[in-house]
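*Asks:* First residue of the sequence shown? That's 11 in the working numbering, and the numbers climb one at a time after it. My questions will all concern the structure given below.
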Amino acid sequence: MREAVSKIEALQRPKTQGITLDAVERSIAQATRALTDLAHDDGHICFELEADATIPSEYVLYHQFRATNPRPGLEAKIGNYLRRTQGPHGGWALVHEGPFDMSASVKAYFALKMIGDDIEAPHMRRAREAILSRGGAANANVFTRFLLALYGEVPWRAVPAMPVEVMFLPRWFPFHLDKVSYWARCVMVPLFVLQATKPRARNPRGIGVQELFVTPPESVRSWPGSPHATWPWTPIFGFIDRILQKTENHFPKGPRKRAMEKARAWVSERLNGEDGLGAIFPAMVNSVLMYEVMGYGPDHPQVRIACDAIEKLVVEKPHEAYVQPCVSPVWDTALASHALLEAGGPEAEAQARAGLDWLKPRQILDIKGDWAAAKPDVRPGGWAFQYGNAHYPDLDDTAVVVMSMDRAMRQHGLVAGMPDYKASIARAREWVEGLQSKDGGWAAFDADNNHMYLNHIPFSDHGALLDPPTADVTARVVSMLSQLGETRESSKALDRGVTYLLNDQEADGSWYGRWGMNFIYGTWSVLCALNAAGVDPQSAEIRKAVAWLIRIQNPDGGWGEDASSYKIDPAFEPGSSTASQTAWALLALMAAGACEDPAVARGINFLTRTQGTDGFWNEERYTATGFPRVFYLRYHGYPKFFPLWAIARYRNLKRGNSRQVQFGM
11 MREAVSKIEA LQRPKTQGIT LDAVERSIAQ ATRALTDLAH DDGHICFELE ADATIPSEYV
71 LYHQFRATNP RPGLEAKIGN YLRRTQGPHG GWALVHEGPF DMSASVKAYF ALKMIGDDIE
131 APHMRRAREA ILSRGGAANA NVFTRFLLAL YGEVPWRAVP AMPVEVMFLP RWFPFHLDKV
191 SYWARCVMVP LFVLQATKPR ARNPRGIGVQ ELFVTPPESV RSWPGSPHAT WPWTPIFGFI
251 DRILQKTENH FPKGPRKRAM EKARAWVSER LNGEDGLGAI FPAMVNSVLM YEVMGYGPDH
311 PQVRIACDAI EKLVVEKPHE AYVQPCVSPV WDTALASHAL LEAGGPEAEA QARAGLDWLK
371 PRQILDIKGD WAAAKPDVRP GGWAFQYGNA HYPDLDDTAV VVMSMDRAMR QHGLVAGMPD
431 YKASIARARE WVEGLQSKDG GWAAFDADNN HMYLNHIPFS DHGALLDPPT ADVTARVVSM
491 LSQLGETRES SKALDRGVTY LLNDQEADGS WYGRWGMNFI YGTWSVLCAL NAAGVDPQSA
551 EIRKAVAWLI RIQNPDGGWG EDASSYKIDP AFEPGSSTAS QTAWALLALM AAGACEDPAV
611 ARGINFLTRT QGTDGFWNEE RYTATGFPRV FYLRYHGYPK FFPLWAIARY RNLKRGNSRQ
671 VQFGM
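Written as structure tokens, this is what we have:
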């Protein structure tokens, strides 16, 4: 009761209340100038994309596996980054100020020791004690144990068996590459070869981490399984794994060699130049190691280009360095274009158009990627997330690009210098509609990638082997189709998508956000979509969502959600207010017709009050999601364009003749 009263009193403080449009206008101008200043000469915008300690740690260990060295001084800078991000619990977390994570901590400790840190240094001793007090490195996840096996630190039986012969399995078989997500395919295929050959890291420095084990690894008989284990799948797959562990070394050599060649060919077809296999770090590293164990020398063109792709992910600063899991230029450019179009004015609109012009030729029109296995008759037409990833365009990026192009044309008309995006939009729409799943929803990369039993195979202890439809991606497509003029009456695809969203609402009125943290992100996405699709703002579903958003507003006027909301049974967990999550909540409320609600004024007040002198907002907390519970992301661009978008939307609605949002986002 006392906390509730305290919150009400805080919300009623004069400084957290209303905001003048003049103050809003100044904030918009400052943020707009700052954002346009960050654009590249060719019009695109790309911000840093930061994960946790695992990626830079793996980068250090990847080089020592091959007995190579990063460029001079880089290891020392990565060491500085790892020491700075060590938590008060002694280990490393998956998010800023998060709880201890065993796998991240084991890898960070191993990397620091490899770099040369004395294991008796205070920070190393604290890390070791934190790891040992929680059962030791034997409790790390499958990917970490695989890395430890490559270094000879654990026996190979610590890793689930993944025979390379699965490359021969027919599509009707319960396990097939087409039945798992794009990221799982790209990581697993070269991994199959590594497990078949079981190479040993060259490790010229001779570094190991046996001191991180409570029980010697050779004596461990039961390695940890999945935290989401359920009956009957877990015992069934566990039994299969035990059989494979005992028999795999006796598989015929001829078929094994042919399976390895098939895996190599699969990787080579998708190698993706200097953007790398799948354009994601773990798959890139595995591809390099796969080529080398198959006899490719360091000067082989495919090895060289795969190595170059990895180095392009390094972010080096004067005193620190880290490695990105991937890059996000298409996503950043498209979202920034939306924010700039909302802000308006000649400079902002010119920059938005420059970004769209950069995006236009990056539409993938000539390659049928892995998505075609489920939808062979659909023509390609999407955009990827990264600079290049032609086999793996995604629906979220594509819908956001289309809406920005459509808005630019509608907002300005085909004036001088304004390209006609109609052909690009039509082709993208065809592809997106063609990838609708049978349940009416849309996933990120594939259609009907929902063989849920596969999340219980021993390899999938992260629980993210699949790419099923989600509310946030479905909402983005519903928004796109609606903005392009479709209605539930005119479009069966749109009607099925809206029905999917209405059926997916949580009991408290929110929606789960798969790709952003979490229920705030999902609710923002869906309320924008329902508004665009013409759902009555007074409907029970929208009113319930609005009430939920207002109820979870923080006393400072902002909104925040903690990564702990991604638990086995997900539920909202409040967190410190962040600029991006506050912007999502505000955009959601305005889409639902609540522009005049005092909660919106308080939220806009929070954003203008916390804006930095550089025009941006400081946001160290992670607000995006790679894989729930195991991998999160900090988009450095989110606090730069989402708050601008929200405050500009507020100004436009307050100064316009209507309080209804006219666009899909």
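Using N, Cα and C, we set each Cβ at its ideal position, and we do this for glycine too.
Would A409 and M490 be called neighbours here (beta carbons separated by less than 8 Å)?
*Replies:* Here residue 409 corresponds to residue number 399 of the sequence shown, with the count starting at 1. Here residue 490 corresponds to residue number 480 of the sequence shown, with the count starting at 1. Yes, these two residues count as a Cβ contact at 8 Å.
*Asks:* For the putative contact between M198 and A150, defined by C-beta atoms under 8 Å, what is the C-beta separation to the nearest angstrom?
*Replies:* Along the sequence shown, read from residue 1 onward, the residue named residue 198 stands at position 188. Along the sequence shown, read from residue 1 onward, the residue named residue 150 stands at position 140. Contact doesn't hold; Cβ gap of about 19 Å is too wide.
*Asks:* What do you get for H54, buried or exposed, if any count of 16 or more other CB atoms within 10 angstroms of its CB means buried?
*Replies:* What you label residue 54 is simply residue 44 of the sequence shown in a count that begins at 1. Flag for H54 reads buried.
*Asks:* So, are the CB atoms of A481 and S535 less than 8 Å apart?
*Replies:* Start at 1 with the first residue of the sequence shown, and residue 481 comes out as number 471. Start at 1 with the first residue of the sequence shown, and residue 535 comes out as number 525. Their beta carbons are under 8 Å apart, which means A481 touches S535 by this criterion.
*Asks:* Measuring CA to CA, which of D188, F75, S520 and N615 is closest to K554?
*Replies:* In the sequence shown, residue 554 corresponds to position 544, counting from 1. With distances taken between Cα atoms, K554 lies closest to S520.
*Asks:* Can you tell me the Cα-Cα spacing of P638 and A581, whole angstroms?
*Replies:* Start at 1 with the first residue of the sequence shown, and residue 638 comes out as number 628. Start at 1 with the first residue of the sequence shown, and residue 581 comes out as number 571. One C-alpha to the other measures close to 12 Å.
*Asks:* If you compare alpha carbons, which of M675, I217 and E516 is closest to V487?
*Replies:* Locating residue 487 in the sequence shown gives position 477, counting from the first residue. Closest by alpha carbon: M675.
*Asks:* From this set, A598, V412, P478 and Q421, which residue's C-alpha is nearest E440's C-alpha?
*Replies:* Translated into positions along the sequence shown, residue 440 becomes position 430. It is V412 whose Cα lies nearest to the Cα of E440.
*Asks:* Here's a check: name, in chain order, each residue in its chain whose Cβ is nearer than 6 Å to the Cβ of M177, leaving out the five neighbours to either side.
*Replies:* Taking the first residue of the sequence shown as position 1, residue 177 is located at position 167. Within the same chain, M177 has close Cβ partners A269, K272 and A273.
*Asks:* Between A384, L179, F651 and W166, which lies nearest to K256 when the distance is taken from Cα to Cα?
*Replies:* Your numbering for residue 256 matches position 246 in the sequence shown. Selected option, being the one with the closest Cα: W166.
*Asks:* Measuring only the C-alpha atoms, how far is V224 from L142?
*Replies:* The residue labelled residue 224 in the question sits at position 214 within the sequence shown. The residue labelled residue 142 in the question sits at position 132 within the sequence shown. Going from the Cα of V224 to the Cα of L142 covers about 6 Å.
*Asks:* How big is the Cα-Cα spacing for W341 and I217?
*Replies:* For the purposes of this step, residue 341 is taken as residue 331 along the sequence shown, with counting starting at 1. For the purposes of this step, residue 217 is taken as residue 207 along the sequence shown, with counting starting at 1. C-alpha separation (whole angstroms): 40 Å.
*Asks:* Starting from L681, trace the alpha helix (DSSP H) in both directions and tell me its first and last residue.
*Replies:* Past the edges of the chain, shown from 11 to 675, lies residue 681, and the structure says nothing about it.
*Asks:* Going by DSSP in three states, P547 sits in which element: helix, strand or coil?
*Replies:* Against the sequence shown, residue 547 aligns to sequence position 537. Looking at P547 - three-state DSSP - the assignment turns out to be coil, as it is neither helix nor strand.
*Asks:* Does DSSP put N79 in a helix, in a strand, or in coil?
*Replies:* Locating residue 79 in the sequence shown gives position 69, counting from the first residue. Of the three classes helix, strand and coil, the one that applies to N79 here is coil, per DSSP.
*Asks:* Looking only at DSSP bridge pairs, what is G526 linked to?
*Replies:* Position 516 of the sequence shown, counted from the first residue, corresponds to residue 526. The partner list for G526 (beta bridge, DSSP) reads A634.
*Asks:* With 16 other CB atoms within 10 Å as the buried threshold, where does H348 fall?
*Replies:* Sequence index remark: in the sequence shown, residue 348 carries index 338 (1-based). When all chains shown are included, H348 counts as buried.
*Asks:* Buried or exposed for S16, going by 16 or more other Cβ atoms inside 10 Å?
*Replies:* What you label residue 16 is simply residue 6 of the sequence shown in a count that begins at 1. Any reading at S16 needs caution, since the residue's pLDDT is 43, under 50, leaving its predicted position unreliable; the model's value is listed next. That one is exposed.
*Asks:* Tell me the DSSP bridge mates of N459?
*Replies:* Within the sequence shown, the letter at position 449 stands for residue 459. In the DSSP output, where bridge partners are listed per residue, N459 has D477.
*Asks:* Once DSSP output is grouped into helix, strand and coil, what is the label at A581?
*Replies:* Looking up residue 581 in the sequence shown gives position 571. In this structure, A581 counts as coil in the three-state DSSP scheme.
*Asks:* Using the rule of at least 16 other Cβ atoms within 10 Å of the residue's Cβ for burial, across every protein chain shown, is G305 buried or exposed?
*Replies:* In the sequence shown, residue 305 corresponds to position 295, counting from 1. Label assigned to G305: exposed.
*Asks:* How is the alpha helix (DSSP H) around L122 delimited, first residue to last?
*Replies:* Here residue 122 is taken as the residue at index 112 of the sequence shown, counted from 1. Run containing L122: M112 to I125, per the alpha helix (DSSP H) assignment.
*Asks:* Got a sec? Which residues, its chain only, sit under 6 Å from A609 by beta carbon, not counting five neighbours each side?
*Replies:* As a first step, residue 609 must be located in the sequence shown, where it is residue number 599. Closer than 6 Å at the Cβ level, and outside the excluded window around A609, lie I560 and Q563.
*Asks:* Quickly, what does DSSP pair L643 with across the bridge? List them, please.
*Replies:* Indexing the sequence shown from 1 puts residue 643 at position 633. According to DSSP, which records beta bridges pairwise, L643 is partnered with A634.
*Asks:* If you check the beta carbons only, do S67 and K123 fall under 8 Å apart?
*Replies:* Residue numbering aside, residue 67 sits at position 57 when the sequence shown is read from its first letter. Residue numbering aside, residue 123 sits at position 113 when the sequence shown is read from its first letter. Not closer than 8 Å, so no.
*Asks:* I need the straight-line Cα distance from M134 to L222, nearest angstrom please.
*Replies:* The residue you call residue 134 lines up with position 124 of the sequence shown. The residue you call residue 222 lines up with position 212 of the sequence shown. One C-alpha to the other measures close to 11 Å.
*Asks:* Can you name, in chain order, every residue of its own chain whose Cβ lies under 8 Å from the Cβ of K432, other than the five neighbours on each side?
*Replies:* Here residue 432 is taken as the residue at index 422 of the sequence shown, counted from 1. Cβ within range, chain order: M419.
*Asks:* Using the three-state DSSP reduction, which class does Y72 fall into: helix, strand or coil?
*Replies:* Residue numbering aside, residue 72 sits at position 62 when the sequence shown is read from its first letter. Note: Y72 maps to helix in three-state DSSP.
*Asks:* What would DSSP say about A604, mapped onto helix, strand or coil?
*Replies:* In the sequence shown, residue 604 corresponds to position 594, counting from 1. Residue state, collapsed to three classes: coil.
*Asks:* Going by CA-CA distance only, name the one from L654, V174, S500 and Q670 that's closest to E35.
*Replies:* The count along the sequence shown starts at 1 and reaches residue 35 at position 25. Checking every option, the nearest Cα to that of E35 belongs to L654.
*Asks:* By the 10 Å Cβ neighbour count, where 16 or more other Cβ atoms means buried, how is F75 classified, buried or exposed?
*Replies:* Within the sequence shown, numbered from 1, the residue matching residue 75 stands at position 65. Under this definition F75 is a buried residue.
*Asks:* Rounded to whole angstroms, what's the CA-CA distance from L157 to G544? Just pull it up for me.
*Replies:* If you number the sequence shown from 1, residue 157 lands on position 147. If you number the sequence shown from 1, residue 544 lands on position 534. When rounded, the distance between both Cα atoms is 51 Å.
*Asks:* Can you tell me which of the three DSSP states L405 falls into?
*Replies:* As a first step, residue 405 must be located in the sequence shown, where it is residue number 395. Residue state, collapsed to three classes: helix.
*Asks:* Return the first residue and the last residue of the beta strand (DSSP E) that E58 is part of.
*Replies:* Here residue 58 refers to the residue found at position 48 when the sequence shown is read from its first residue. No beta strand (DSSP E) contains E58, which DSSP labels as neither H nor E.
*Asks:* Cα-Cα, which of A121, Y531 and T42 is closest to W102?
*Replies:* Your numbering for residue 102 matches position 92 in the sequence shown. Checking every option, the nearest Cα to that of W102 belongs to A121.
*Asks:* Do the segment 186-200 and the segment 273-282 make contact, defined as three or more Cβ pairs closer than 8 Å?
*Replies:* These segments touch.
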